[in-house]
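Here the protein sequences come in this chain order: F and B. Under our numbering, the residues of the first sequence are numbered 638 to 1096, in order. Under our numbering, the residues of the second sequence are numbered 31 to 572, in order. Backbone N, C-alpha and C define an ideal beta-carbon position, used for all residues, glycine too. From a predicted model like this one, the values you see are computed outputs, not experimental measurements. One structure is given below, encoded as structure tokens.
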Amino acid sequence: MLIRLIIAALALVLCCAPQVAADEKVPAWAQQWIDWAQSTNNPEFIEWSKKISTPKAIQLGNEWEEFLGYNAVDIVAKDKTAPNIKPGLVITPENVDQYESELRELLPYGFDYNVDRLKQTGYNTPLEMVIVPTHHAYQDRGYLEATKKYAKNCKLDDKGNLQGWVAGIPFPHPTSGVEMAHNYDRLTIMADNLNSSPCEFGLHGSNGKRERVEKIELHWRNYQGRIKVDPFPNIPGKEDVLEKGSIVALYPYDLRGFAAVRTRFKADDVEDSFVTYIPSMRRIRRLAGSNTQDPLVGSDLTWEDWKGWWSKMSQHDTTYEVIDEVVMLCPSFNPLPVQFKDKYGGWNHRYQWERRPVWVLKFTYNDPNYIYKHRIWALDKEGFHPRMLIYNDAKGRFWKYFNIHWRFNPDEGETDYWGGTMVDVINKHMSILVHTVVLNMTNITENLFNLRYLSSKAH
Amino acid sequence: MKTKKCLSLIIFVAALQLLCVQTVFGGDIDIFGRNFHINGYIEQEFGIGVGNNKAAGRIQEAYSTLQVEWSYQLTDKISLYSINRLTGDLAYDINSDKDWWQKRNHTPAQRTVSREKNQWEWQNYDQGTEIIREIYLDIMLEKWSFRIGKQQIVWGETDGLRLMDIVNPQDFRRQFNLYDSDEGYEKSRIPLWIIKAMYFPNWEPFGVRDLQYEFIVNLGKTRSNRLEAYQGSGGMWAANEPNLPYLVRAEIIDKRPGTSSRNMEYGLRIMGDWNNWIFTLNGFYGLEHDPYLRPAGLGLSAPDSDGRILSLAVEKRYAWKRIIGFTLNRELEWIKFMGTTSPVLRVESTFQLGKTFIFEGDKVGDMAWTGLNPASPVYKRQFDEIRTMIGFDWNIYIRALNKRESFFFSAQFFLFYLPNHTGETVNAPFYFKNDVKSQPAPPIPGTRSKYNDPWRVHKTQKYCSLGINTLYDNKRIDPYVLFLYDFEEHAFGMKAKLTFKYGSHWRPQIGYIMWTGDHDTGKSFGLFQKNSEMYVKIMYQF
């Protein structure tokens, strides 16, 4: 009887032990968010703090921290810049004057266009910043495993082209701008497939008001470098294919039914295959895969802005320069979609911002026929993806900026998009993308990315 | 008139109701747990004659269109789709009391059948309504898909002229071949009742990807191209009355086959992608969309009010066509314009076995098609015909003219070749020059008359086309121009248009359509030189 009691007690302890241990071992990077959320009494923040501190999220976050050797929260904690810009603060066009100088410190290298938005100078795209604590944000477990397994084989040739990559992040501890660029190039959609239905392009004119909306259904699939959904790392029989995407336009009437399948090949010297179905022609028509500099639908994005850039890195003579490594105020991982509202005489964006450790990466294009002279990125040190992007035109003038509205699933490490805002300050036009994303669907087949898909859309 | 006004009101009210139903994001409605989607447009156009058009400065067309498209997902694998369309021409109402309009619509040959009866397309006289323009069931299975119903089947790579696009006939009764040639003929192509089956074998022989087989069957309800000519229903967009001697009338008897299983049509298309070459192999057996003419005799009749006593009768008959062909396209990525874009090559070629042609005789003037030349008794001949197109699409950046968008150039060269052609064949009979109107009777067949000037079918016929398009202001300003040229007849067609796309609904457009060529005997594009026009169009889409 006594032995039975002892065994039962031991079992009870063992059952509780992991949970009790987990409760006691919430790391500082999660605890600081929990504490702050509790202090606000805001149910949205409290709910989010629970999501980033589940046992699964903590385990994955710890493993990433151990692998990278750092986490964003610790880096940011050491930064003493702009002490008045802190979690809980809401900065609007009405109070921006008090914080302007500190904001500009936290938004160097041209990213203080966000301050201009708050001050409503130039093309009016007003903004409200809700400052939240820094996240320890990480990629998918699949990327972690693949990087551990394959990164050691990755290297650059004498032209800066990537060699030996199979899957994962090729340079988890990059030492140059070109290595950082390759990291994002290989991350692509940061999942094995991405599905957005609908993906909405809200197009805003010079007065900031929405004058059109265009909607598409979008699917994207990696064929190489897969990390999670079987088969991985590659899809057999498609060794020459890097990735494929398909879209079908849903709205408005004169766009509806337009469908396209884009195939990106692995070889550097092979252009994309870009095959479309054009409803007014009732037939399949091939368009030039090499034409990447025209805008997408009526938006301010070109193919060259999609997923960072579109042309293969080998195609344009480009210099990649790490200008700096700083803590910068960046769009945060908003748990809910960004809020838009007609306010301050324009289309106001209200979303969360946090300090992030970033590399400031500058691309200089030495090709006079390329659409841009420079890109400047705030490239996240944990996620290896850009938070904010600046585009200078071929003459080097500030032309566009793109704030990506990130979404994060802490349990899985999946990072994807609520959407983004691309603003053309020269032509005074803005495109707001709103995604409805599902990542890593297991029932995605080739029939979404072939001629059959186009035929099936044929009306 | 009362009926027309009533119908106009119905359209207006229906359109208004549809507009009210629509949300900003299109018309998706849940019906019994399944998605029903509806959208469409209302369009009004006014075309004003230009140049040496006898309707210069006058409204020669005012097309009104209401088109509704809807789909209903019956099950996960089966959906129903339909296009419903009402079309009319308000020019009849606008010009009803105008003398010039009466004359254009009541030429001697046309008078007996007034175009006015075709004002609104749902009239039975127009041989069918488009209230149900298309309707079909789509069935999607794992390796098969089926489309059953009234539909369009479009093959080929060509713009502007149709080579492999051989399944559905075309309606040329509005703006001839430039109504929607720049948009792919979706509006003017005539839907047919067809069963289409597609098979996707999921295998890659010899590295061919995306292999698919398409089988089509028309169970016997065939249609022909529609072009008002020769005592047709007439009207502004009919071909001119042929030049005839003042005592001669042309009697055209349409012998279009009716619906019958004897008139079944079949087609097969194989499509695939081999090493980035998308190719198709095609075969089709069916009825021609254009007739040949069979002489039906010369007769005398009591003079009609037109004063003509001699009737030259011909029957419009339709031969069978047997066509095989292929298409190819590929981006030529090793060619780049200033390091940016590459051209896309498109190739299309058809071989028609024993195509039927109207036979003139060994020489022009034999007039074998009349059936009145004992030395040339054969009125039709059959020759094999090869039609080939080679084209390039190229996006080229001209930053000085457009800082943000490329210019899309689409150039095509066509070659039609009759390898075993002998003698003379013509595209149309009754090809006499205007001067023949002062003569009582036609030239005697077999003689070489100064009045004979046929639009000959050349052993080698060449055309070219060029389309240019770009976009401004975030694709809200859309200019486009299309040129067509006939090398043999030195005839020319052009359409230029400018569309504005501000907002999601309104789409105003202005445009210019012109044809030039020999319009005396109506060769090639010259046939419609009389109809060159400028137009304004406003569309509301929902």
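{"query": "Every unbroken alpha helix (DSSP H) within the stretch 799-836 of chain F, with a cutoff of 4 residues, ordered by chain", "result": "814-824"}
{"query": "Whole-number beta carbon distance between B/Pro475 and B/Asp396, since they are thought to touch under 8 Å", "result": "6 Å"}
{"query": "Run of the alpha helix (DSSP H) containing F/Asp795, from where it starts to where it stops", "result": "Per DSSP, F/Asp795 belongs to no alpha helix (DSSP H) and is neither H nor E."}
{"query": "B/Ser291 to B/Asn125 span [Cα, whole Å]", "result": "44 Å"}
{"query": "Proximal chain F residues relative to B/Asp240, where beta-carbon distance stays under 8 Å", "result": "Asn1087, Leu1088, Arg1089"}
{"query": "Closer than 9 Å to chain B by CB, F/Asp891", "result": "yes"}
{"query": "Within chain F, partners of B/Asn359 - CB distance below 7 Å", "result": "Arg923"}
{"query": "Sequence-distant residues of the same chain with beta carbon closer than 6 Å to F/Ser1092, five excluded per side", "result": "none"}
{"query": "Nearest to F/Tyr1065 (by Cα), restricted to the options F/Leu697, F/Thr729, F/Thr758", "result": "Residue 1065 of chain F is actually Lys in this sequence, not Tyr. Closest by alpha carbon: F/Thr758."}
{"query": "Segment contact, 8 Å Cβ cut-off, at least three pairs: the stretch 790-809 of chain F with the stretch 885-893 of chain F", "result": "no"}
{"query": "Contact with chain B by F/Met950, beta-carbon distance below 9 Å", "result": "no"}
{"query": "Residue interval of the alpha helix (DSSP H) (run including F/Asn699)", "result": "692-705"}
{"query": "Extent of the continuous alpha helix (DSSP H) run through B/Tyr441", "result": "Checking the displayed sequence, the identity of residue 441 of chain B turns out to be Ala instead of Tyr. Note, B/Ala441: premise wrong, no alpha helix (DSSP H); beta strand (DSSP E) at 437-447."}
{"query": "Those residues which DSSP pairs with F/Phe838 across a bridge", "result": "F/Glu851, F/Leu1070"}
{"query": "Nearest neighbour of F/Asp1004, chosen from F/Trp996, F/Gly1033, F/Lys1018 [CA to CA]", "result": "F/Gly1033"}
{"query": "F/Phe1035 - containing beta strand (DSSP E), residue span", "result": "1035-1046"}
{"query": "CB contact check: B/Ser254 to chain F, cutoff 9 Å", "result": "no"}
{"query": "Buried versus exposed, by CB contacts within 10 Å (16 or more), B/Tyr296", "result": "exposed"}
{"query": "Host alpha helix (DSSP H) of F/Gln1097 (start-end)", "result": "Residue 1097 of chain F lies beyond the residue range present for chain F, which begins at 638 and ends at 1096; the question has no answer from this structure."}
{"query": "CB contact below 9 Å: F/Asn761 versus chain B", "result": "no"}
{"query": "Closer than 9 Å to chain B by CB, F/Ser917", "result": "yes"}
{"query": "Where B/Gln132 falls: helix, strand or coil (DSSP)", "result": "helix"}
{"query": "Residue from B/Ala430, B/Asp210, B/Asp240 whose Cα sits closest to the Cα of B/Asn306", "result": "B/Asp240"}
{"query": "Within chain F, partners of B/Glu213 - CB distance below 8 Å", "result": "Ser917, Met918"}
{"query": "Chain F contact for B/Lys346 (CB, 9 Å cutoff)", "result": "no"}
{"query": "With 16 other Cβ atoms within 10 Å as the buried cut-off, status of B/Leu39", "result": "Note on B/Leu39: pLDDT 48, under 50, position unreliable in the model; the coordinate value appears next. Exposed, since its Cβ has fewer than 16 Cβ neighbours within 10 Å."}
{"query": "Buried/exposed call for B/Asn425, threshold 16 Cβ in 10 Å", "result": "buried"}
{"query": "Rounded separation between B/Ile183 and B/Ile225 - CA only", "result": "10 Å"}
{"query": "Range covered by the beta strand (DSSP E) that runs through B/Ala418", "result": "Correcting the residue type first, residue 418 of chain B is Thr in the shown sequence and not Ala. Note, B/Thr418: beta strand (DSSP E), 410-426."}
{"query": "Own chain residues within Cβ distance below 7 Å of B/Arg253, not counting five before or after", "result": "Pro199, Ile220, Leu222"}
{"query": "Cutoff 8 Å; reference B/Lys531; Cβ partners in own chain excluding five residues on either side", "result": "Lys505, Arg506, Ile507, Asp508, Arg537"}
{"query": "Residue closest to B/Phe230, alpha-carbon to alpha-carbon, out of F/Asn1087, F/His1096, F/Ala1095, F/Lys1094", "result": "F/Asn1087"}
{"query": "Length-filtered (4 minimum) alpha helix (DSSP H) runs lying within the stretch 50-135 of chain B", "result": "121-124, 129-135"}
{"query": "Cβ-based contacts, 9 Å cut-off: residues of the stretch 441-464 of chain B near chain F", "result": "none"}
{"query": "Spatial distance of B/Leu340 from B/Arg279 (CA atoms)", "result": "6 Å"}
{"query": "Contact list for B/Val408 against chain F, beta-carbon separation under 9 Å", "result": "Within chain F, no residue comes near B/Val408; the closest Cβ sits about 39 Å away, beyond 9 Å."}
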